[in-house]
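Peer 1:
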Amino acid sequence: MRDMIEQLQEIWGNAYQASAVTWRMWANDIMRNLDRSTWARAVFDAPPTRLERYLGPSDGLVHEHLTRLTRSTRVALDTVNFALADNAELTRDWEAFGRRLECHKRALEARKETLEGYLADVPLPAAAEVRDPLPTMQNIEDTEHQE
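Here the sequence shown is numbered in my numbering, starting from 820 and rising by one per residue.
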């Protein structure tokens, strides 16, 4: 019986934590079959379902699970932190574009004022007063581009 308990603990000790009574019940369950040739293979079978409630995860598995959980949480936190950094950069870009748009608007308003000033300072004659110069122009022969 002790040998069977030791084999179970050696094989399953990294996966399960249990009291001495639970290990003994499991060993007894295997050894009930009086055919010793089945014992070596039965040690590798999962524990009987009636004993599962008495078995707890080993400290190694709990530690490994907590380590993985911590790592996953850190990855999620890093992802959120990177997204926040991207958001801050987009906010700065948005503000910079806003400043550029404001500067562009002021430049356009200054040009508008300049053009309005030209219109106010230069009196344009009425359309009836403007004569078409084309009928009075003399056609001059092009001598510069002849060969």
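Beta carbons are placed, not taken as given, at the ideal position from N, Cα and C, and that holds for glycine. None of the values given here were measured: they were computed from a predicted structure.
May I have a chain-ordered list of the alpha helix (DSSP H) segments no shorter than 4 residues that lie completely inside the region 909-961?
Peer 2: Complete alpha helix (DSSP H) runs here, min 4: none at all.
Peer 1: Examine the Cβ distances between the region 859-873 and the region 825-834 and report whether three or more of them are shorter than 8 Å.
Peer 2: At 8 Å Cβ cutoff, the stretches touch.
Peer 1: Using only alpha-carbon positions, find the residue among F916, W858, L943 that is nearest to D822.
Peer 2: In the sequence shown, residue 822 corresponds to position 3, counting from 1. If we check each option's Cα against that of D822, W858 comes out closest.
Peer 1: Which residue marks the beginning of the alpha helix (DSSP H) containing N847, and which one marks its end?
Peer 2: Along the sequence shown, read from residue 1 onward, the residue named residue 847 stands at position 28. Start and end: 839-850.
Peer 1: Is there contact here, the region 885-896 with the region 845-852, by at least three beta-carbon pairs under 8 Å?
Peer 2: The region 885-896, when compared against the region 845-852, does not touch it at the 8 Å Cβ threshold.
Peer 1: Pull up the CB-CB distance for L874 and Y835, whole angstroms please, since I reckon it's below 8 Å.
Peer 2: In the sequence shown, the residue the question calls residue 874 occupies position 55. In the sequence shown, the residue the question calls residue 835 occupies position 16. So it is a contact: roughly 4 Å between Cβ atoms.
Peer 1: Quick one: grab the DSSP three-state call for N826.
Peer 2: Taking the sequence shown and counting its residues from 1, one reaches residue 826 at position 7. The sequence as given places Gln at residue 826; Asn does not occur at that position. Helix.
Peer 1: Per DSSP, which residues does Y835 bridge with? Please list them.
Peer 2: Locating residue 835 in the sequence shown gives position 16, counting from the first residue. According to DSSP, which records beta bridges pairwise, Y835 is partnered with P876.
Peer 1: Do A846 and M820 come within 8 Å of each other at the CB atom, strictly closer than that value?
Peer 2: Locating residue 820 in the sequence shown gives position 1, where the first residue counts as 1. Locating residue 846 in the sequence shown gives position 27, where the first residue counts as 1. The answer is yes: Cβ separation under 8 Å.
Peer 1: If you follow the alpha helix (DSSP H) that R855 is part of, which residue opens it and which one closes it?
Peer 2: Position 36 of the sequence shown, counted from the start, is the residue given in the question as residue 855. Neither: R855 is in no alpha helix (DSSP H) and is coded neither H nor E.
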